[in-house]
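Each protein sequence line maps, in turn, to chains A and B.
Following the working numbering, the numbering of the first sequence begins with 1 at its first residue and continues without gaps.
Following the working numbering, the numbering of the second sequence begins with 1001 at its first residue and continues without gaps.
Where is the CB? At the ideal position from N, CA and C, for every residue including glycine.
This structure is a prediction, so every number in the text was calculated from the model and none was measured.
Just below is one structure, and these are the notes that go with it.
Number of protein chains: 2
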Amino acid sequence: MAEILHRIGVQAPPEAVYDALTTVDGLAGWWTEDTDGDAGVGGVVRFRFLPGGFDMKVLDARPGEAVLWEVVDGPEEWLGTRVEFTLKQEDGFTIVLFRHEGWREPVEFMYHCSTKWASYLLSLKKLLETGAGDPSPRDLQISNWH
Amino acid sequence: MAEILHRIGVQAPPEAVYDALTTVDGLAGWWTEDTDGDAGVGGVVRFRFLPGGFDMKVLDARPGEAVLWEVVDGPEEWLGTRVEFTLKQEDGFTIVLFRHEGWREPVEFMYHCSTKWASYLLSLKKLLETGAGDPSPRDLQISNWH
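Okay, structure coming up:
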């Protein structure tokens, strides 16, 4: 199994980072404006982008600590994979350890998603530090695959 | 073994991308201004950042196609790992498939390096598309680890 890993530090309290990961408004502020659904544990959140999207079941959410999603609808390569955000405090930053695990093969789409995840996590950081992120469809285009 | 994967598309010819990966001036334009050494096959390129740096032996370089480095000096987690850039053309973009492989464990430093690599590859894209990248020490700070 292959996995995508990232680490960012956000100059905001863990509660604010947690809110941006566990509310529809928060998620719409950094990942994609076209977000709806139920972001509570057991709920499913629907994220849509220009070419398609993902439905995430919220498997776990521990305030200020961790959020765990399972992909229940979306591209075949994503189905059944899990996305985990682990939070901790360090040097005045809330550190976000990001892990998207369960990829069956390191296909080219995984290379793309890794770079896009980095870009969206920097959007999360920007949202919390400046009040405005760069969610889809205003996200940074990184290639012909958007 | 764990690996970091990324994919960007650069609106520039493959020769220009290749030059940015195989000349000291090119590398200094997107990764770190403090770059010197011999960027030809068999040479060693020395990259330095505020907290330290990496020496890369150039194992292979095929114009417009691929560049392969081995880390011969640097942090313990990087020693012996390999960094590979594979180029191809698609939809008017030069696609860069990036792979940093041979990590023994997915340690927290690997999470950090994955996000930093994404940021530097976007700097490479910016260098080639606008004439100016964001190399160290002018690179984007992503956390308390810089």
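Out of A:ASP139, A:LEU68, A:ASN144 and A:LYS88, the CA that lies nearest to the CA of ASP34 of chain A is found in A:ASP139. In terms of beta-carbon proximity, ALA1020 of chain B stays away from the interface with chain A, with every pair separated by 8 Å or more. Between ILE1142 of chain B and THR1115 of chain B, the beta carbon gap of about 6 Å places them in contact (Cβ cut-off 8 Å). In this structure, the straight-line span from the alpha carbon of PHE49 of chain A to that of ASN144 of chain A is close to 15 Å. Here the alpha carbon of ALA2 of chain A sits roughly 24 Å from the alpha carbon of VAL44 of chain A.
In this structure, DSSP gives ALA132 of chain A a state outside helix and strand, which the three-state scheme calls coil. Only exposed fits ARG1104 of chain B, as fewer than 16 other CB atoms lie within 10 angstroms of its CB.
Ranked by Cα distance from VAL67 of chain A, the first of A:TRP78, A:PHE98, A:GLY74 and A:GLY52 is A:PHE98. With contacts defined as CB atoms closer than 8 Å, PHE85 of chain A and GLN11 of chain A fail to qualify as a contacting pair. Under the three-state reduction of DSSP output, VAL1017 of chain B falls in the helix class.
For the 8 Å CB-CB criterion, LEU128 of chain A and ALA20 of chain A form a contact. Assignment of VAL41 of chain A by DSSP, reduced to helix, strand and coil, places it in the coil class. Close to chain B, meaning a Cβ-Cβ distance shorter than 7 Å, are the following residues of the stretch 106-118 of chain A: PRO106, GLU108, MET110, TYR111, HIS112, SER114, THR115 and ALA118. Close to chain A, meaning a Cβ-Cβ distance shorter than 9 Å, are the following residues of the stretch 1084-1095 of chain B: GLU1090, ASP1091, GLY1092, PHE1093 and ILE1095.
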